[in-house]
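In my numbering, the protein residues as written are 1 to 98. C-beta atoms are modelled at their ideal positions from N, C-alpha and C, and glycine is treated no differently.
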């Protein structure tokens, strides 16, 4: 979920309702609040988990006619092996229906 506003009061409810990712503005929501509240929720996963996630997304969200675009932003602290696993998975599953 993306928001340009202050969502600090809603964050727990959003996560509790099934939102997996909060794309929030750093200065509006206070950098220190983000650091403290979100540090425990960060999930880096293993390379195998990265591959499984991309495969699941391709299987469930794409179609033989196309229509799925996946993008990736490399954020600080992400292990290089996970970035490699992601790039490999994107290439491996880009023609999932072929």
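Just to confirm the assignment, what range does the alpha helix (DSSP H) spanning residue i have?
{"i": "residue 55", "result": "47–61"}
{"i": "residue 87", "result": "80–93"}
{"i": "residue 28", "result": "26–29"}
{"i": "residue 15", "result": "11–16"}
Taking residue i as the reference, give the member of the options with the closest Cα.
{"i": "residue 59", "options": "12, 18, 98 and 17", "result": "98"}
{"i": "residue 70", "options": "77, 54 and 20", "result": "54"}
Can you give me the C-alpha to C-alpha distance between residue i and residue j, rounded to a whole angstrom?
{"i": "residue 47", "j": "residue 29", "result": "31 Å"}
{"i": "residue 72", "j": "residue 62", "result": "17 Å"}
{"i": "residue 81", "j": "residue 57", "result": "20 Å"}
{"i": "residue 90", "j": "residue 84", "result": "10 Å"}
{"i": "residue 79", "j": "residue 87", "result": "13 Å"}
{"i": "residue 16", "j": "residue 1", "result": "13 Å"}
{"i": "residue 10", "j": "residue 36", "result": "16 Å"}
{"i": "residue 68", "j": "residue 22", "result": "21 Å"}
{"i": "residue 76", "j": "residue 31", "result": "15 Å"}
Residues in its own chain within less than 8 Å of residue i by CB, not counting five upstream and five downstream?
{"i": "residue 101", "result": "Summary: the structure shown does not reach residue 101, with the chain confined to residues 1 through 98, and so no result is reported for it."}
{"i": "residue 64", "result": "97"}
{"i": "residue 34", "result": "24 and 26"}
Could you tell me if the beta carbon of residue i falls within a distance shorter than 7 Å of some heavy atom in the ligand COA?
{"i": "residue 79", "result": "As for the ligand COA, it is missing from this structure, which has no ligand bound."}
Who are the Cβ neighbours of residue i in its own chain at under 6 Å, not counting the five residues just before and after it?
{"i": "residue 12", "result": "none"}
Grab me the residues of residue i's own chain with a C-beta within less than 7 Å of its C-beta, minus the 5 sequence neighbours each way, in chain order.
{"i": "residue 74", "result": "83"}
{"i": "residue 50", "result": "82, 85, 86 and 89"}
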